[in-house]
Each structure stands twice: as C-alpha cells, then as structure tokens.
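One structure is given below, encoded as structure tokens.
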Amino acid sequence: MDVYVDDYHFVSQGARIAFGIMTGNAFMQAKVTFRDLQTDQVFGERSYNTKSSAWQGIFAPTTDRQTRAIVADVVKQINPR
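This note's numbering numbers the first residue of the sequence shown as 1 and each following residue consecutively.
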C-alpha cells in the first residue's frame, strides 16, 4: 500500500483549545494505492478526505483525529469485518 498525502492543514489540539476559530479549518486529502505484496501489482486506488470547520470551536476535530479516521477507513477497506 502506498499513501500519498496530497494536501493538509495541521491543527493541533492545543492550538484548537488556545485559539479556537482563529486556527482555521483542519483538513487532509490523501490517496491510497493498494498493491499485491508479492507481485507489486496495483489492484485499486482510493482518495480519502477529511475536514473540520473552525466554527465548531474547541471541539472541532484536529489533524491527529482526522489521521486516525483515514486509517480506520483504510483498514475497513482491507478487512471489512
């Protein structure tokens, strides 16, 4: 599997708590290429996007939570149980 992060805006939880809406929107755009480990043959690609609104205030998701959300989606794609 190859993961390419096309674009992101990093917002830490501390910044979100300290500065609220002034930190702006956290977002991440990534593309994942799924490959066969033995042959390296590509058998799929998928784009993943997350974003939060600064207007949600200190409770808006930060970049670390968005990264975990993308990872959870990728794992579901590989193992849908």
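Where is the CB? At the ideal position from N, CA and C, for every residue including glycine. If you're wondering where the values come from, they're calculated on a predicted model, not measured in any experiment.
Does the structure place the region 33 to 46 close enough to the region 8 to 21 that three or more beta carbon pairs sit under 8 Å? no
Rounded C-alpha distance that separates F27 from T67: Here residue 27 is taken as the residue at index 27 of the sequence shown, counted from 1. Here residue 67 is taken as the residue at index 67 of the sequence shown, counted from 1. Going from the Cα of F27 to the Cα of T67 covers about 9 Å.
Run of the beta strand (DSSP E) containing Q29, from where it starts to where it stops: Here the question's residue 29 lines up with position 29 in the sequence shown. Counted as a single uninterrupted DSSP element, the beta strand (DSSP E) harbouring Q29 occupies residues 27 to 35.
The alpha helix (DSSP H) spanning V71 covers which residue range? Within the sequence shown, numbered from 1, the residue matching residue 71 stands at position 71. 63 to 78 is the span of the alpha helix (DSSP H), which, as asked, contains V71.
Going by DSSP, name the residue or residues bridged to R46. Here residue 46 refers to the residue found at position 46 when the sequence shown is read from its first residue. V32.
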